[in-house]
Amino acid sequence: MTWFRRDLRTRDNPALLDALADGPTLPLFVLDPALWDPAGPSRRAYLVASLRALRRDVPLSVLEGDPVEQVLAAAQEVGATRVHVAADYGPYGARRDEAVEKALAEEGIELVRTGSPYAVAPGRVRNGSGAMYKVFTPFSKAWADHGWRGPVDAPDDPAWRHLKETVDLPDVDLPDGLELPEAGEEAALAAWQDFLDGPLSDYDGDRDRPGVAGTSRMSHHLKYGEIHPRTILADLGQKRSKGAETYRSEIAWREFYADVLHHHPESAREYYRPEYAKMHYDEPDEAFEAWVEGRTGFPVVDAGMRQLRATGWVHNRVRMIVASFLVKDLHVEWQHGARHFMHWLVDGDLASNQHGWQWTAGCGTDAAPYFRVFNPTSQGERFDKRGDYIRRWVPELADPEQVPDPHDPDSDTRDLVGYPAPIVDHKAERQEALDRWNAIR
Ligand SMILES: Cc1cc2nc3c(=O)[nH]c(=O)nc-3n(C[C@H](O)[C@H](O)[C@H](O)COP(=O)(O)OP(=O)(O)OC[C@H]3O[C@@H](n4cnc5c(N)ncnc54)[C@H](O)[C@@H]3O)c2cc1C
727 MTWFRRDLRT RDNPALLDAL ADGPTLPLFV LDPALWDPAG PSRRAYLVAS LRALRRDVPL
787 SVLEGDPVEQ VLAAAQEVGA TRVHVAADYG PYGARRDEAV EKALAEEGIE LVRTGSPYAV
847 APGRVRNGSG AMYKVFTPFS KAWADHGWRG PVDAPDDPAW RHLKETVDLP DVDLPDGLEL
907 PEAGEEAALA AWQDFLDGPL SDYDGDRDRP GVAGTSRMSH HLKYGEIHPR TILADLGQKR
967 SKGAETYRSE IAWREFYADV LHHHPESARE YYRPEYAKMH YDEPDEAFEA WVEGRTGFPV
1027 VDAGMRQLRA TGWVHNRVRM IVASFLVKDL HVEWQHGARH FMHWLVDGDL ASNQHGWQWT
1087 AGCGTDAAPY FRVFNPTSQG ERFDKRGDYI RRWVPELADP EQVPDPHDPD SDTRDLVGYP
1147 APIVDHKAER QEALDRWNAI R
């Protein structure tokens, strides 16, 4: 039996190959309320779409409920002696798998872990004294030195088994205005090929420009394992450009954060650097609501927050800008923003999200120094020079004749087009943030 979780693909899936090598295999997915209930509409809808796509190649049986009971029941129904999975290193997934492993073992069934959603399993890369790396650059060097296997092929002529009764995949209604990218392995491989043949060569320069389609949009495909990073890294290995080198380093950030979360599962909720918990923060109030709804009066912040609600994705540069704004201009704790992101992001991933937030909030491992406070207006001017991104996502500011300066429209223009005045004075809030920080140093 093979139990799919974050590996919704047939190619480059060693756990699936191992299962099929044992003989006819039951492919199972369990809709787990512990993961389903807290997920927002983006991840629920995308997961269902991805499972439907997988079903084109694999006759997946789907059950619903506590995996400890469901996996055991399925294994017993088909008389499986081994249940094959890719190891899960997230705090919940690792605990769940231990519980499933124990329940299976009591019935003489083995849980076999092969591979993980990463090129190098979290916990593997260690420094000279056997400890985790706390800083990205040495981690990424050691990670590259450790290396990884090449991708494996899709199964050839697989023999499947199925359960007598399974549940239907639920239909998920998306809120008005939210449109998600296409899910599934085919979509992932096609998007990756397009990126490889096109934007990758200019990735090094374009990746920081939210108005340009210069990044790969692989994050949701990686999140659900519709493509494995090994496949990506193998293709990058054939390229000799600066773009390929930088892209590999971004994949390494994903692996770094998974490693940090593996060693510090508590950092999913708590400050990685505990001294930051002592800082004075404000409770989320109407300013937080304005941030959520994209009406802070800071164009690039509002563009990002509206892109999130419209697509379930936000450009990385803008994720940093909106996160910095929440923490350092509105003085709200990063966890509130991280929760909002996890609710709406299609690629919402505990390791990358929580540590992306902690990085921006200055309290993470190898984080941006707290005193480096992003100015949301000049960030927009610098990275979205022509204002294309702002005009795309903030329709009030779309018309260049009405709004010649989309980064900082004057108050008459704001009144004319119905765009709000800034909800805070950035200069004053920057000073306030530094004062609060100085108080804990
Ligand atoms: C506050 C904040 C929250 C974030 N939340 C998430 C999240 O929930 N899920 C998520 O996958 N990424 C998250 N990121 C990282 C990054 O923003 C996204 O991975 C990236 O924007 C996805 O778009 P892309 O695939 O086009 O990226 P590309 O630029 O094409 O990058 C390629 C891949 O590298 C990885 N990657 C790139 N940057 C990072 C990074 N900083 N940290 C970790 N991995 C990275 C991703 O897997 C990405 O798909 C967050 C960053 C910040 C600052």
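Start counting the sequence shown at 727; every next residue gets the next number (this note's numbering). C-beta: ideal position from N, C-alpha, C; glycine also.
Query	Result
Assigned secondary structure, V1040 (DSSP; H/G/I helix, E/B strand, else coil)	coil
Rounded C-alpha distance that separates V1120 from P1130	14 Å
Strand pairing of T954, partner residues [DSSP]	It should be pointed out that residue 954 corresponds to His in this sequence rather than to Thr. According to DSSP, which records beta bridges pairwise, H954 is partnered with nothing at all.
heavy atom of ligand 1 below 8 Å from E976 C-beta	yes
Residues bridged to W918 (per DSSP)	Its beta-bridge partners do not exist; DSSP assigns none.
Rounded straight-line distance, which links the Cα of S975 to that of D871	13 Å
Rounded straight-line distance, which links the Cα of W1017 to that of Q1128	24 Å
Beta-carbon proximity list for E911, same chain, < 8 Å, skipping 5 on both sides	L734, R735, T736, R737, A779, L780, D783, E952, I953
Cβ shell of T1139 (< 6 Å), same chain only, five flanking positions each side left out	V1129
Given V1099 as reference, the closest of L837, L1160, P1132 once Cα atoms are compared	L1160
Sheet register partners of H990 (DSSP bridge)	Paired residue(s): none; H990 is not in a bridge.
Cβ shell of P1146 (< 8 Å), same chain only, five flanking positions each side left out	A1016, R1021, T1022, G1023, R1140
Closer than 8 Å: R1045 CB and nearest ligand 1 heavy atom	yes
DSSP state of S1137 mapped onto helix, strand, coil	helix
Candidates D894, A847, D882: closest to G873 by CA position	A847
Beta-carbon spacing of S945, V1072 below 9 Å	yes
Of the listed residues P907, W1070, L1123, nearest to A765 (C-alpha basis)	W1070
Range covered by the alpha helix (DSSP H) that runs through W874	Where W874 is concerned, there is no enclosing alpha helix (DSSP H), given that its DSSP letter is neither H nor E.
Proximity test, G963 beta-carbon vs ligand 1 heavy atom, cut-off 8 Å	no
Rounded distance between the beta-carbons of V804 and R887, thought under 8 Å	5 Å
Span separating the alpha-carbon of P767 from that of G854	44 Å
Alpha-carbon spacing of M1031 relative to Q1080, whole angstroms	17 Å
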